[in-house]
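A short worksheet on the structure shown next.
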Amino acid sequence: MITLYGISNCDTIKKAKKYLADNNIEFTFHDYRKDGVNEQMVSDFADILDWEQLVNKRGTTYRALTDEQKQSLTKESAIPLLVEQPAMIKRPVLVNNGSYHLGFKAAQYDEIFKS
């Protein structure tokens, strides 16, 4: 089972969805805004993926944090923040047969699905 996590209006999510559709790969899409985010989900992501990579530092939500919040960010403080502000979770998170992948590049997905 393949699940793609993200926000539907994100350009990177659109590219990942298109890749999966174009390659006839069945998947479920979990939209953080419509389907929700909880602490257990984000905690699992942070345990398996590098929590610092999980934080989207290029987005406007992260940039709106105070300097103090950014400098004192730890795994423990990031998880509730990501639950509260799911737009700050780097996208997409792809879960394929229990294996977690972060971000989208066609070459990366080629390796995941063609091997």
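Heads up: the sequence shown begins at 1 in our numbering, then just goes up one per residue.
Ideal placement from N, C-alpha and C gives every residue a C-beta, glycine not left out.
Taking C-beta separations shorter than 8 Å and ignoring five residues to either side along the sequence, the partners of GLN85 in its chain run THR61, following chain order. Remark: fewer than three beta-carbon pairs, one from each stretch, lie closer than 8 Å, so the stretch 49–65 and the stretch 19–34 are not flagged as touching. As for any beta strand (DSSP E) of minimum length 3 sitting wholly inside the stretch 27–98, the runs are 28–31, 93–96, ordered along the chain. Counting C-beta pairs with one atom in each stretch, the stretch 72–83 and the stretch 19–26 have fewer than three that are closer than 8 Å, which means they do not touch.
Using a C-beta cut-off of 8 Å, the stretch 36–52 makes no contact with the stretch 9–24, since fewer than three inter-stretch Cβ pairs fall below that distance.
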